[in-house]
Structure formats: structure tokens, C-alpha cells
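Student: Residue numbers (my numbering): 1 to 743.
Note that CB positions come from ideal geometry on N, CA and C, so glycine has one too.
Please read these numbers as outputs of a predicted model, since none were measured by experiment.
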């Protein structure tokens with residue numbers, strides 16, 4: 001019988017024919033065949049980057065888990081080895097447990113990584129005489145095949161590219177197909193040394209799966225919980241200090257689960273609903289809260305900051321810039337008399353308090369430092385996938401002045417991290433975080449659900465992906481809500497470009513903090529420059545975040561990475577064009593200045609003088625030369641993009657041309673998509689998702705760009721005011737112990 005044969009074929013044998021007629025010419029066929037495979041090749045490469053990076057991450061997690069209970073050397077591959085041990089034994093490897101375990105680990109390596117690594121390990125074991133001839137023979141047969149996780153992604157991209165309508169079906173079947181392919185390889189190995197038939201065993205297995213499948217999910221959950229908590233107890237006994245973070249996370253999870261369970265009961269539901277109703281009423285009646293209370297609170301914050309900064313008077317320069325930006329936005333507001341000062345002051349106070357918690361409170365600063373280290377550590381696994389795919393180009397030897405190629409290293413992190421974000425979205429984790437933060441923003445600030453959700457979504461996803469979260473509501477947005485969406489898009493960064501900024505020399509703690517601070521500040525700026533004049537059409541009870549996903553797990557994993565391939569090459573192409581044109585313009589301005597006896601003129605210098613007043617009012621430094629350099633970076637970011645600006649910031653930092661505070665303020669000021677190129681991106685994204693809003697978006701796009709840029713500059717201003725002793729993060733560079741090739 002045919003195992004797992006539940007359906008009759010829709011394509012009959014008499015209808016199946018191989019097309020061997022070609023209308024194309026010989027050379028057309030030759031060339032077009034190669035060109036047609038280019039997207040598939042890059043899709044496979046992106047998929048391998050994602051999968052190999054995630055496998056390396058899982059190896060680290062397993063090593064950490066083993067280390068907590070005193071077992072070193074645990075890995076994801078070793079886990080597969082133990083999982084495959086019963087299969088290796090039943091295949092008749094040998095009665096020697098150690099040899100059977102070695103073959104099982106090879107099978108696990110082949111499944112978790114690929115057959116190349118497995119065969120390489122087999123060769124090493126064979127050279128060291130750790131395996132008998134029979135074990136080598138069975139292992140050789142068992143490893144012969146593409147049945148591994150990497151090939152799953154290749155199959156999805158290859159077959160999905162040829163038959164897009166079948167992509168979802170392929171992703172749903174690919175795991176089962178992987179199991180079937182693996183079993184075929186293992187049965188080949190078994191048949192190689194034994195005789196027997198498997199039809200009866202297959203029939204028994206099939207009936208057992210059908211009978212017991214309803215109980216598998218619950219049983220697996222119970223077994224997992226028992227094993228996990230048993231492991232947690234063992235880890236705590238072995239080394240409590242190492243296991244403490246995991247214990248605290250587990251306790252926090254159970255606390256949330258208990259609260260959620262209690263809220264579901266009748267009595268607690270009544271209490272919860274009453275409390276929620278009162279908070280909602282408070283939010284709705286915010287306009288009746290005396291503005292004097294908020295002004296008094298703002299005055300207290302001002303007094304605290306002034307007293308705390310008296311020892312460094314230069315930090316107080318930023319207050320002038322803060323007031324200037326507010327006055328500027330009021331003067332150029334669409335309807336100054338319609339400004340809702342309750343929302344604006346609430347957003348500004350919340351922004352300032354959040355900045356104090358992150359930048360001045362030792363616990364808050366420590367938490368975000370650890371969080372940034374965790375994120376950077378997570379992103380570093382992308383290099384493992386990049387080295388696997390690109391080899392020497394992504395990981396050159398440590399030779400002086402020989403750095404990795406940017407597009408094959410740092411930009412590959414975009415592919416990997418986009419897959420991580422897609423998985424978080426697939427499991428609904430981002431949706432939960434957005435929902436909770438939206439309720440929090442609504443209560444504290446009073447913005448509408450769409451505005452609140454988008455301001456935080458943009459922090460995670462960026463200006464291109466975040467609109468998908470609110471796609472069903474885009475056509476219903478008021479002009480002010482649309483302006484808030486555009487402003488958030490210009491002031492945010494998005495997790496996918498986090499690693500690229502860090503690779504260019506930006507401090508990860510500053511990038512993370514600036515991303516979080518941009519959410520409330522973008523709302524304050526948008527409500528100043530384009531106040532609400534209409535009644536919102538989207539009620540809170542009608543607003544839901546879509547967490548359903550038609551794609552399967554592996555389709556989500558692979559397609560997320562593949563979707564970033566055009567972006568990676570677009571960024572690379574943009575950098576090539578822009579850097580070349582900037583060099584040309586610098587040469588033109590140098591020539592113009594040289595004609596009248598002024599050496600050193602450049603296009604960057606022009607931007608520097610244009611942004612110099614803003615840079616000075618942000619409180620960078622009293623040194624005019626350093627202020628001019630930061631102003632030039634601000635101009636480059638606005639006229640070109642933040643990648644070029646961060647690249648130049650990294651160079652200035654390496655050359656010690658900027659002091660720590662100038663680097664800090666510049667890092668905050670450059671953190672955002674507020675540049676002319678992003679105007680086109682936002683126009684196409686919003687216009688594509690909501691064609692009816694394209695005209696309205698085009699009318700306010702330039703104003704939104706100004707609001708987004710000011711939001712970034714105000715983040716930098718507040719950071720300069722609050723941070724007393726800035727510490728510069730050293731950007732990644734070639735090791736000082738590098739090998740220097742003699743000339």
C-alpha cells in the first residue's frame with residue numbers, strides 16, 4: 001500500500017505529457033533559462049541565511065539550557081541525535097550504544113543542518129575508527145538525501161516560484177514530505193543490510209496515528225510542562241544564580257496566566273470591567289482635566305531637570321531648542337486654533353517621563369542595556385547563515401584593511417531578522433504587545449486606536465510593513481489620523497534595519513531608546529502640525545488586530561526572508577548611486593569654491609550650514625566645528641538617507657572628530673526614516689493599500705516629513721538634556737591584532 005495515500009490523483013496518466021516543443025530560439029532558450037533562475041537562486045540563498053542562523057541560535061539556547069544543570073556541550077543537533085537513537089537502533093546499526101548514538105547524531109545533523117556537514121562528520125569518525133564497517137555503511141545510506149530543514153525552504157521557494165497558487169499547499173505539506181523523505185532514506189539504509197517487508201508495519205502505524213491523533217496535542221503539552229518544570233527545579237538546585245532569570249520569566253508567565261484565568265471568572269470579570277470602564281471614562285473626560293495640573297507636572301519635571309543639570313550648564317542649551325521646535329510646529333500648524341493641548345501635553349509629558357526612566361533611572365538604563373545586548377546577540381547569528389551561503393566573502397580572514405563585504409554581511413541581517421519578526425507576528429506575540437501598548441497609550445494620551453497601534457507597530461516593523469497592521473482601516477482614516485500615520489512612518493526605524501545601523505557604527509542602546517521614544521513624540525508632533533477636526537470613524541469596539549495567517553509556519557519563515565531580498569539589493573544599489581553622486585557633487589562644489597579662492601567647499605558643507613542652527617539649539621556642544629559636522633550628518637540623512645549618515649558618523653567616530661555627547665545626540669537625531677526617498681516609499685505603500693487616500697497623503701506628505709524629522713530632533717534634544725556622562729559605543733572594526741601584509 002501507499003503510506004499517507006488519502007486522495008485520488010486529479011491528473012490522469014493519459015493527460016500527462018512532457019512538452020518538448022520550443023517556440024524560442026536556441027540562444028533565447030539558453031539565456032532565458034539562466035535568467036529565469038536568478039530570483040530562485042537568491043530566494044534559496046535568503047532562505048538558507050534564515051534557517052542556518054536560526055539553527056545556530058537554537059544551538060546556543062540548548063547550550064544555555066544544559067549549562068544551567070551542569071551539562072556542557074548541549075546542542076540542537078545533539079537533541080536530534082537522542083531523538084533519532086531509537087530509529088538508528090531499529091535500523092540495525094549495532095548493539096554498541098555509543099556507535100548507535102554516533103550514527104543517530106549524524107542523522108540528526110543531516111536533518112537539522114544538511115547532508116554535507118553530516119558526511120563530513122562521518123568521514124572524521126571513519127578516520128578515527130570510531131565506527132564499524134556496518135555502521136559506516138548504514139550511515140552512508142541514511143544520510144544520502146536532501147531531507148533537512150534547509151531543503152524545506154528550498155522546496156517552498158523553488159516549487160512555489162513555479163506554481164504560486166500552490167505555495168500555501170506546499171508549505172502545509174512540506175513537513176510531512178520531509179518526514180516521508182527521511183523515512184525513505186532510513187528504509188534504504190535498513191534494506192541495505194537486512195531483508196523484510198514494511199507494508200504491514202506501515203498499515204499499523206497509519207491506523208495508530210489516526211486513532212491517537214486527538215490525544216497527541218494534550219499529551220504533548222502535559223509532558224512538556226512536566227519536563228520543563230522538572231528541568232527548572234534541577235537548574236535551580238544546580239546553580240540558582242544562573243537559573244534565576246529563567247525562573248523569574250516562568251513565574252511572570254504563570255502570574256499572567258493566573259490573572260487572565262481569574263479575569264475570566266464571573267466575580268473578577270465584574271471587577272475588571274468596572275475598573276476598565278472607569279479608566280475609559282477617565283480617558284474620555286480628559287478634556288475636562290484642568291490643564292493646570294499637567295502644566296504643574298511639567299513644571300516639576302522642568303525644575304528637576306534644571307537642578308540636576310546645573311553642574312553642566314551646556315546641557316540646558318537643549319531647552320531652547322525644545323521650545324523652538326514646539327513654537328515652530330504651532331506657527332506652521334494646519335489649524336493652530338484646533339490644537340488639542342490635552343493630547344499634546346499628555347504625549348510630551350509621557351515622552352519625557354519615559355526618557356527619564358530609560359536614560360537616568362539606573363534600573364531602567366540597566367534593563368535597556370541588557371535588552372540591547374540581547375537583541376545584538378540575536379542579530380549576530382545572521383552572520384553564521386551568511387558565512388554558510390557566501391563563505392569567504394562574508395567571513396574573510398583577519399587581514400588588516402580587509403573588511404567583510406557590507407551587502408553580504410550586515411544587510412543579510414535584514415533577511416534573518418525579518419524572518420524573526422514574521423514568526424513573532426505569526427504566533428501573535430507582536431499583536432498582543434501592540435494591543436496592550438495601545439490601551440496604555442489611549443489611557444495616558446487619548447489618541448485613537450489606529451494612531452496608537454501604528455506608532456508602536458512602526459517601531460517593530462518599519463514604515464513599509466507597519467501599514468499592513470491597520471490595512472482594513474486605512475480608507476476610514478480622517479485626515480489628521482492619516483497625518484499621524486505618515487509622521488510615525490517618518491520618525492520610526494523598524495527592527496529590520498536595527499542591525500544595519502549598528503554595523504555602520506551606531507550605538508545599539510541609543511538606537512533602541514530612540515525607537516521607543518519616537519512613538520509618543522511622533523503623536524505629539526502630528527497633533528501639533530495637523531490637529532483633528534473630524535470625528536473618528538473607527539470606534540474602539542470595532543478595532544481588531546488581525547492575527548490570522550493563511551500561510552503555514554515554514555511558508556511564513558521562508559517568504560519573510562525572501563521578501564527582503566529586493567530590499568537588500570535596493571539598499572545596496574541606492575548606496576552605490578548616492579555615494580557616487582555625493583562624491584561628484586563634492587567635487588563640483590570644490591571646483592566652484594576653488595575658482596574664487598576658497599578651498600574645501602563641498603556639498604556636505606552646504607547642508608552643514610543649513611542645519612547648523614538646529615544642531616546648535618539641540619545642545620550638541622559649544623564647539624562650532626563639531627556642531628557643523630553633526631549638522632552635515634543631519635543634512636545627509638534628510639536629503640539622502642540614514643544609512644549614508646550613519647556610515648559617515650561611524651567614520652567620524654573612528655577618526656575621533658566628535659566627542660561622546662556629539663556622537664550621542666547625532667545617533668538620536670539620525671534615527672528615523674525622515675528623508676525625501678521615504679516620501680516615495682510611503683506614497684506607494686499607502687496608495688497601494690488604500691487608493692482612496694493617495695491624494696490626501698500626497699497633499700500632506702511634505703508636512704509629515706517635517707513633523708517626523710522634528711520628532712527625531714526632539715528625541716535627540718531630550719537625550720542631550722538628560723544624559724550627563726555619555727559613553728560612546730565602539731563600532732565594529734577589524735581586530736588590532738590583524739595580519740598586515742608587507743608592502
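Do you know whose CA, among 259, 163 and 146, lies nearest residue 175's CA?
Tutor: Out of 259, 163 and 146, 146 has the C-alpha closest to the C-alpha of residue 175.
Student: Counting pairs of Cβ atoms below 8 Å between the region 567 to 586 and the region 73 to 93, do you hit three or more?
Tutor: Too few Cβ pairs lie closer than 8 Å, so no.
Student: On the premise that residue 381 lies in contact with residue 717, defined as a C-beta separation below 8 Å, what is that separation, rounded to the nearest angstrom?
Tutor: Contact doesn't hold; Cβ gap of about 35 Å is too wide.
Student: By how many angstroms is the C-alpha of residue 374 removed from the C-alpha of residue 233?
Tutor: Whole-angstrom Cα-Cα distance: 25 Å.
Student: Short of 6 Å in beta carbon distance, which residues of its chain neighbour residue 135, apart from the five on each side in sequence? Order them along the chain.
Tutor: Within the same chain, residue 135 has close Cβ partners 93, 94, 99 and 103.
Student: Alpha carbon to alpha carbon, how far is residue 663 from residue 613?
Tutor: Between residue 663 and residue 613, the C-alpha separation is close to 17 Å.
Student: Span of the alpha helix (DSSP H) holding residue 660?
Tutor: 660 to 670 is the span of the alpha helix (DSSP H), which, as asked, contains residue 660.
Student: In the DSSP assignment, find the alpha helix (DSSP H) that holds residue 574 and state where it starts and stops.
Tutor: 565 to 595 is the extent of the alpha helix (DSSP H) around residue 574.
Student: Just curious, the alpha helix (DSSP H) that residue 350 is in, first and last residue?
Tutor: 341 to 359 is the extent of the alpha helix (DSSP H) around residue 350.
Student: Assign residue 202 to one of three DSSP states: helix, strand, or coil.
Tutor: At residue 202, the pLDDT of 49 sits below 50, so the modelled position is not reliable and the matter cannot be decided from this model.
Student: On the three-state DSSP scale, how would you describe residue 335?
Tutor: Of the three classes helix, strand and coil, the one that applies to residue 335 here is coil, per DSSP.
Student: Thinking C-beta only, is residue 184 closer than 9 Å to residue 565?
Tutor: Contact: no.
Student: Which word fits residue 456, buried or exposed, when buried means at least 16 other C-beta atoms lie within 10 angstroms of its C-beta?
Tutor: Result: buried.
Student: Assign residue 387 to one of two classes, buried (16 or more other C-beta atoms within 10 Å of its C-beta) or exposed (fewer than that).
Tutor: Residue 387 is buried by the Cβ-count criterion.
Student: Measure the CB-CB distance between residue 68 and residue 220 and report whether it falls below 9 Å.
Tutor: Cβ distance not < 9 Å, so residue 68 and residue 220 don't count as in contact.
Student: Please specify which runs of the alpha helix (DSSP H), each continuous and at least 4 residues long, are wholly inside the region 427 to 501, giving them in chain order.
Tutor: Counting whole runs of 4 or more residues, the region 427 to 501 contains the alpha helix (DSSP H) stretches 429 to 444, 449 to 461 and 479 to 491.
Student: Inspect the beta-carbon positions of residue 697 and residue 681 and report whether they are closer than 9 Å.
Tutor: For residue 697 and residue 681, no; Cβs fall outside 9 Å.
Student: Would you identify the three-state DSSP class for residue 409, choosing helix, strand or coil?
Tutor: Here residue 409 sits in coil by DSSP.
Student: Would you please state the rounded distance, in angstroms, between the beta carbons of residue 608 and residue 600? I believe it to be under 8 Å.
Tutor: The pair is not a contact, with the Cβ atoms about 12 Å apart (cut-off 8 Å).
Student: What residue does the alpha helix (DSSP H) around residue 366 start on, and which one ends it?
Tutor: 362 to 380 is the extent of the alpha helix (DSSP H) around residue 366.
Student: For residue 501, count neighbouring C-beta atoms within 10 Å of its own C-beta (all shown protein chains included) and say buried if the count is 16 or more, exposed if not.
Tutor: Buried: at least 16 other Cβ atoms inside 10 Å.
Student: With a threshold of 8 Å, establish whether the CB of residue 681 neighbours any heavy atom of the ligand ATP.
Tutor: The ligand ATP is absent from the structure shown, which contains no ligand whatsoever.
Student: Counting only the same chain and skipping the five closest in sequence on each side, list residues whose C-beta sits under 6 Å from that of residue 316.
Tutor: Counting only Cβ-Cβ distances below 6 Å, and skipping sequence neighbours, we find 309.
Student: Looking at the structure shown, is residue 95 part of a helix, part of a strand, or coil, going by DSSP?
Tutor: Residue 95 falls in the coil class under three-state DSSP.
Student: Over the uninterrupted alpha helix (DSSP H) stretch that includes residue 311, give me the two end residues.
Tutor: Segment: none, residue 311 is in no alpha helix (DSSP H) and carries neither H nor E.
Student: Just to confirm, are residue 707 and residue 441 a CB contact at a threshold of 9 Å?
Tutor: Cβ distance not < 9 Å, so residue 707 and residue 441 don't count as in contact.
Student: Out of 425, 411, 377 and 524, which one is the CA nearest neighbour of residue 445?
Tutor: If we check each option's Cα against that of residue 445, 524 comes out closest.
Student: Below 8 Å on the Cβ atoms is my contact criterion, and I expect residue 435 with residue 478 to pass it. Report the Cβ-Cβ distance as a whole number of Å.
Tutor: In fact, because the Cβ distance is near 22 Å, the residues do not count as touching under 8 Å.
Student: When you compare only the Cα positions, how much space is there between residue 313 and residue 720?
Tutor: Cα to Cα, the separation comes out at about 12 Å.
Student: What would DSSP say about residue 763, mapped onto helix, strand or coil?
Tutor: Beyond the ends of the chain as shown, which are 1 and 743, falls residue 763; an answer cannot be given.
Student: Starting from the C-beta of residue 236, find all residues in its chain whose C-beta is less than 7 Å away, skip the five residues before and the five after it, and write them out in chain order.
Tutor: So the list reads 243 and 247, once near-sequence residues are dropped.
Student: Would you say the region 340 to 348 touches the region 517 to 532, given that touching needs at least three Cβ pairs under 8 Å?
Tutor: Short answer: they touch.
Student: Report the residue from 629, 497 and 489 whose alpha carbon sits nearest the alpha carbon of residue 661.
Tutor: Of 629, 497 and 489, the residue nearest in Cα terms is 629.
Student: Thinking C-beta only, is residue 644 closer than 9 Å to residue 578?
Tutor: Yes, the Cβ-Cβ distance between residue 578 and residue 644 is below 9 Å.
Student: Apart from the five residues just before and just after residue 626, which ones in its own chain have a Cβ nearer than 6 Å to its Cβ?
Tutor: If we look at residue 626 and ignore the five residues flanking it on each side, its Cβ neighbours are 658 and 662.
Student: Below 8 Å on the Cβ atoms is my guess for residue 611 versus residue 635; work out the distance and round it to an integer in Å.
Tutor: Between residue 635 and residue 611 the Cβ distance is about 5 Å, and since that is below 8 Å, they are a contact.
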